[in-house]
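Colleague: Attaching a single structure in structure tokens format; questions to follow.
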Amino acid sequence: MSSFRILTTYSPWLILACLAAGALYAWLLYSKRTPWSKNLNLALSFLRFAVVSFLCFLLLGPLVRYLSNTTLQPTIVFAVDNSSSVTLFSDTSQLRQTQQGLQQLMSKLQDNGYNTEIRTLEAAGPEVQNLTDIRFKQEATNLHQLLQQAQTDQERQNLAGVVLLSDGIVNQGTSPTYANYNFTIYPVAIGDTVPKKDVILTSLRYNKVNYSGNKFPIEAEIQHEGFGGSGANVLLKENGKVLERKQVILQANRPLQVVPFSVLAGGLGKRHYEIEVQPLQGEFTTLNNSKHAYIDMVKGKIKILVAAAAPHPDIKAIRAAIESNENYETELFVPGVNTLKQQDYDVAVLHQLPGKTPGGEAVLQLVRQKQMPALFIIGPQSDISAFNRLNMGLSIGGSGDTDEVTSALNPNFSTFKFASEATERLLQYPPATVPYAEFELSKNAETVLYQQVGRVRTNRPLLVVQNANDRRNATLLASGTWQWRLSEASAHEKPEVYDKLITNLVQLLTAPRNKKRLNVYPARDEYSSADEIYFEAEAYNQALEPIYGQTISLKITAEDGTTKNFSFANGENQAGVNIGSLSGGRYSYSASATIGGQLQQDKGEFVVEELQLEALNAVADHNLLFQLGNNTGSRLYYPAQLQQLEEDILKADHQNLIYSSESLNDIVGMKWLFFVILALICVEWFVRKYNGSY
């Protein structure tokens with residue numbers, strides 16, 4: 021049902037004045053003696069009256085108010101928990117009959133004027149037209165997301181209620197009993213609520229990164245039902261080989277027990293371990309008897325030599341920042357305070373070295389011999405001339421005076437990312453002391469931080485990174501940065517920006533310079549078996565500049581040797597390739613592309629974790645479904661009560677919903693009116709000229 025009205029900005033009584041103006045104009049023009057007939061003269065005068073009156077009417081600012089009403093029938097959404105636990109722990113024939121019964125209910129509701137839709141746990145999956153076509157294969161259950169999605173999809177519709185078919189087992193997301201829904205939920209309960217005789221390996225506890233050559237723990241949590249006093253064998257495996265076997269007694273008064281294993285980390289890369297509880301006689305299912313651990317083995321901690329010309333508060337701040345990363349450890353050397361240990365350091369932090377006072381030559385000699393990447397920190401005790409001779413990508417020239425500056429990010433620096441709060445917090449740091457000098461950067465150096473004086477950012481560098489052959493060096497032209505860390509910790513509890521800056525610098529200095537012309541990698545380090553896996557790719561020319569449109573071949577190899585092959589092209593600001601979902605395990609990949617006539621290759625590893633969430637709980641939770649129905653003014657239904665469900669929905673007498681929409685349009689803005697008026701004027705002019713107007 022629609023309607024419209026014409027409104028005016030001014031008093032509608034002025035319409036009479038518009039009509040009077042049109043009549044006066046027509047009378048003045050056509051009251052004289054004319055060469056055409058009286059009837060034609062009357063028609064032309066009316067035409068002129070209409071045009072002039074309407075033009076005057078437009079001066080009143082008329083508006084068209086259009087009101088339209090849309091009637092929406094009530095909608096019942098059939099939300100189906102299509103997780104694998106439903107088929108694992110429910111009677112198959114009863115489930116099929118329930119699906120058929122709900123399909124018949126959906127048809128009857130449609131006959132009674134209801135709209136119906138089907139939703140499953142697959143939020144982005146294909147639309148399902150028939151409830152009997154649903155397959156129960158989802159590896160996790162998030163009922164809140166399912167119900168919330170139904171509400172979101174029907175936001176501008178007339179959502180009357182949701183018929184929820186589920187066993188009540190929730191293993192992801194928020195419990196739906198804690199949410200408020202503005203529609204009625206009609207839960208239909210399936211599954212068995214009787215506890216099963218079963219042994220369940222519920223979870224594994226372990227560190228995902230461990231150091232090669234060290235022992236690390238893996239703890240298995242075992243839960244049982246009905247096996248009190250029985251013994252169970254728990255195995256630790258790697259690549260099918262049993263590394264350790266333990267026998268535990270399942271105690272009746274302890275439904276959850278922890279079985280620890282100690283594993284020697286050997287080699288580097290990703291390792292795949294499996295914990296398995298050997299099946300016991302009478303177990304309901306053995307699907308939940310094993311779990312997998314994927315652990316990344318890395319070399320020992322990165323060792324950083326922190327050397328200083330003299331004791332200084334900066335040293336403590338820098339060491340604290342470095343050691344905030346558990347993969348780093350520091351060794352301190354100050355001439356005259358302790359002795360320099362001849363170890364294999366990965367990087368050096370040199371505070372005011374080379375210095376004006378003797379004692380630091382041994383450290384500089386060690387850095388040169390080991391070709392060690394280094395972070396140089398310039399201060400009042402630094403020997404500027406000796407530093408310039410080291411060719412660290414930055415030359416400092418000046419009178420020896422100092423200046424007080426704050427720091428500002430270089431927006432074009434992208435080698436590593438700063439914390440999101442960095443820009444704001446850097447401006448809040450107290451000023452640091454820097455040399456007041458002329459600075460000259462070499463071609464292989466890049467500015468990370470600029471000096472800022474007051475509110476003015478200068479082009480003078482504060483922190484510089486140099487790429488020299490296969491290693492990097494960095495120079496920080498600030499002394500007194502301990503105040504930065506102290507100030508940030510005081511204002512924000514944790515000095516996250518300062519610590520992130522220092523650890524990023526250390527990571528950059530220790531990382532080998534990437535000279536690969538093809539870089540192919542998974543978008544994430546770890547996936548679950550329910551995820552779709554994406555690979556991204558970068559290609560570079562001989563100058564290591566990014567190029568696009570290269571055809572890349574990708575080969576995925578599973579632990580059992582099976583392979584999958586893909587081909588795609590890398591594009592600017594485009595996703596790589598979606599290889600779909602994979603079963604749990606450790607995978608290796610190799611990629612190749614012909615760039616500039618040369619074959620370029622890359623390889624790596626990634627992990628897919630098997631969820632196994634649906635096999636952990638074999639007992640349906642009908643109490644959760646009862647609460648859902650009770651909270652929304654409904655009740656719990658069982659498969660044999662679908663007829664009662666139909667009667668209750670129809671008895672609720674859900675009403676149609678009427679949406680009204682109103683629009684106001686300025687008549688002057690209607691282009692078609694211009695052409696109508698122009699046509700009328702042209703008709704009048706043509707008729708007058710044709711009949712001998714003078």
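Taking the numbering used here, the leading residue of the sequence shown gets 21, the next gets one more, and so forth. Even glycine gets a Cβ: it sits at the ideal position worked out from N, Cα and C.
Let me know if Val190 comes out buried or exposed under the rule of 16 or more other beta-carbons within 10 Å of its beta-carbon.
Modeller: Label assigned to Val190: buried.
Colleague: With a threshold of 7 Å on Cβ separation, who are the neighbours of Gly418 within its own chain once the five nearest residues in sequence on each side are excluded?
Modeller: So the qualifying residues of the chain are Pro455, Tyr456, Ala457 and Glu458.
Colleague: Which term fits Leu44, buried or exposed, when burial requires 16 or more other beta carbons within 10 angstroms of its beta carbon?
Modeller: Flag for Leu44 reads exposed.
Colleague: Going by Cα to Cα distance, which pick from Arg388, Ala41 and Leu496 is closest to Ile404?
Modeller: The option with the nearest alpha carbon to Ile404 is Leu496.
Colleague: Using a Cβ-Cβ cut-off of 6 Å (strictly less than) and excluding sequence neighbours within five positions of Leu16, which residues of its own chain qualify?
Modeller: Since the displayed the chain opens at 21 and closes at 714, residue 16 lies outside it and no answer follows.
Colleague: Considering only the alpha carbon of each residue, which of Gln171, Ala442 and Gly596 lies closest to His512?
Modeller: Of the candidates Gln171, Ala442 and Gly596, the one whose C-alpha sits nearest the C-alpha of His512 is Ala442.
Colleague: Where does Ile342 fall in DSSP's three states?
Modeller: Ile342: helix per DSSP, three-state reduction.
Colleague: May I ask you to verify whether the stretch 367-383 touches the stretch 314-334, counting CB pairs closer than 8 Å and requiring at least 3?
Modeller: The stretch 367-383 vs the stretch 314-334: in contact.
Colleague: Does DSSP put Phe436 in a helix, a strand or coil?
Modeller: In the structure shown, Phe436 sits in coil (DSSP, three-state: anything other than H, G, I, E or B).
Colleague: Within the 7 Å Cβ cut-off, does Leu631 reach chain B?
Modeller: Structure shown: chain B not included; a single protein chain is present.
Colleague: Spatial neighbours of Trp504 within its chain, please: CB distance less than 8 Å, with the 5 preceding and 5 following residues excluded, ordered by chain position.
Modeller: So the list reads Ala337, Tyr449, Pro450, Ala452, Pro515 and Tyr518, once near-sequence residues are dropped.
Colleague: Quick one: measure Cβ to Cβ for Pro12 and Val106, integer angstroms, because I've assumed they're closer than 8 Å.
Modeller: Past the edges of the chain, shown from 21 to 714, lies residue 12, and the structure says nothing about it.
Colleague: According to DSSP, which residues form a beta bridge with Lys584?
Modeller: Paired residue(s): Ile576.
Colleague: Distance check for Asn539 and Gly604, CA to CA, integer angstroms please.
Modeller: Rounded to whole angstroms, Gly604 to Asn539 spans 25 Å at the Cα level.
Colleague: Among Gly356, Leu122 and Gln401, whose alpha-carbon lies nearest the alpha-carbon of Ala382?
Modeller: Of the candidates Gly356, Leu122 and Gln401, the one whose C-alpha sits nearest the C-alpha of Ala382 is Gly356.
Colleague: With three or more C-beta pairs closer than 8 Å as the rule, is the stretch 185-200 touching the stretch 640-659?
Modeller: Segments in contact, yes.
Colleague: Can you tell me where the alpha helix (DSSP H) with Asn61 in it begins and where it stops?
Modeller: Segment Lys58 to Leu78, the alpha helix (DSSP H) holding Asn61.
Colleague: If I follow the unbroken beta strand (DSSP E) through Gln267, where does it start and stop?
Modeller: Counting along the chain, the beta strand (DSSP E) containing Gln267 begins and ends at Lys261 to Ile269.
Colleague: For my contact list, Leu414 and Leu429 are in at a C-beta cut-off of 8 Å; report their separation, rounded to the angstrom.
Modeller: Rounded, the Cβ-Cβ distance is 18 Å, inconsistent with contact.
Colleague: For Phe706, which three-state DSSP category applies?
Modeller: Reduced to three states, the DSSP call for Phe706 is helix.
Colleague: Taking only runs of the beta strand (DSSP E) that begin and end inside the stretch 271-324, which ones reach a length of at least 3 residues, in chain order?
Modeller: Entirely contained in the stretch 271-324, the beta strand (DSSP E) runs reaching 3 residues are, in chain order, 276-284, 289-297 and 310-318.
Colleague: Got a sec? Which residues, its chain only, sit under 7 Å from Ala638 by beta carbon, not counting five neighbours each side?
Modeller: Cβ neighbours of Ala638 beyond the five flanking positions: Phe109, Lys216, Asp218, Phe304 and Thr305.
Colleague: I need the boundaries of the alpha helix (DSSP H) containing Glu444, first residue and last residue.
Modeller: It spans Ala442 to Gln448 - the alpha helix (DSSP H) in which Glu444 sits, taken as one unbroken run.
Colleague: Exposed or buried, Val100, counting other C-beta atoms within 10 Å across all chains shown (16 or more means buried)?
Modeller: The residue in question, Val100, is buried, as its Cβ has 16 or more Cβ neighbours within 10 Å.
Colleague: Identify which residue in Gln277, Leu461, Ser57 and Val254 has its Cα closest to the Cα of Ala248.
Modeller: Per the sequence shown, residue 248 should be read as Gly rather than Ala. The candidate whose alpha carbon is nearest that of Gly248 is Gln277.
Colleague: List the whole-angstrom C-beta distance separating Ile572 from Ala550, where the pair is believed to meet the contact cut-off of C-beta under 8 Å.
Modeller: The Cβ separation is near 26 Å, so there is no contact.
Colleague: Tyr568: buried (16+ other C-beta within 10 angstroms of its C-beta) or exposed?
Modeller: By the 10 Å Cβ count, Tyr568 comes out exposed.
Colleague: Which residue marks the beginning of the alpha helix (DSSP H) containing Ala382, and which one marks its end?
Modeller: Taken as a continuous stretch (DSSP letters only), the alpha helix (DSSP H) holding Ala382 covers Glu381 to Lys390.
Colleague: Considering just the uninterrupted stretch of the beta strand (DSSP E) at His164, what are its terminal residues?
Modeller: Taken as a continuous stretch (DSSP letters only), His164 belongs to no beta strand (DSSP E), being part of the alpha helix (DSSP H) at Leu163 to Asp173.
Colleague: Tell me whether Lys311 is buried or exposed, calling it buried when 16 or more other Cβ atoms sit within 10 Å of its Cβ.
Modeller: Buried: at least 16 other Cβ atoms inside 10 Å.
Colleague: Under a three-way DSSP split, which group does His332 fall into?
Modeller: Coil at His332, not helix or strand.
Colleague: For the 8 Å Cβ check, are there 3 or more pairs between the stretch 595-602 and the stretch 522-531?
Modeller: With the cut-off at 8 Å, the stretch 595-602 and the stretch 522-531 do not touch.
Colleague: Do you know how far the Cα of Gly81 is from the Cα of Asp686?
Modeller: Rounded to the nearest angstrom, the two C-alpha atoms are 7 Å apart.
Colleague: Does the Cβ of Phe98 have 16 or more other Cβ atoms within 10 Å, making it buried, or fewer, making it exposed?
Modeller: So Phe98 ends up on the buried side.
Colleague: Taking the continuous beta strand (DSSP E) assigned at Gly649, which residues delimit it?
Modeller: Taken as a continuous stretch (DSSP letters only), Gly649 belongs to no beta strand (DSSP E), being part of the alpha helix (DSSP H) at His642 to Asn651.
Colleague: What are the residues that DSSP puts in a beta bridge with Gln618?
Modeller: Bridge partners of Gln618: Ile615.
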